[in-house]
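In the numbering used here, the protein residues as written are 36 to 145.
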């Protein structure tokens with residue numbers, strides 16, 4: 036619900052990089068020796084490795100991350116009446132990710 040609202044779109048378009056992963060995977064044949072099934076298995080394995088790396092236990096899951104991959108916010112599931120509060124939490128977690136990145140850059144002397 037919150038992702039379809041104009042307020043979210045306006046904020047997210049300026050402040051975050053959005054990535055949606057679709058686990059309904061289809062393979063594409065790339066010619067002899069590269070079957071659609073091989074492509075599908077490769078994609079599924081990659082998605083499963085991301086689920087394991089970021090400890091995704093259920094879908095839908097929303098992660099807010101700093102550029103180095105540090106998770107600053109994690110949301111699982113969906114609640115219909117949660118919109119405004121959810122957006123404020125996302126904004127706060129994005130701010131925490133930004134702060135984490137600034138600290139990292141300062142440690143690197145940049």
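Cβ coordinates follow ideal geometry from the N, Cα and C atoms, glycine included. Note that this is a predicted model, so its numbers are computed, not measured.
Check, Outcome
"For residue 82 and residue 36, the rounded distance between their alpha carbons", "24 Å"
"Best match in 132, 46, 60, 142 for proximity to residue 98 [C-alpha to C-alpha]", "132"
"Of the residues 62, 115, 96, the one placed nearest residue 106, counting alpha carbons only", "96"
"N- and C-terminal bounds of the beta strand (DSSP E) containing residue 150", "Residue 150 cannot be examined here, being either before or after the span of the chain that is shown, 36 to 145."
"Residue 98, DSSP secondary structure in three states", "strand"
"Own chain residues within Cβ distance below 7 Å of residue 100, not counting five before or after", "106, 107, 132"
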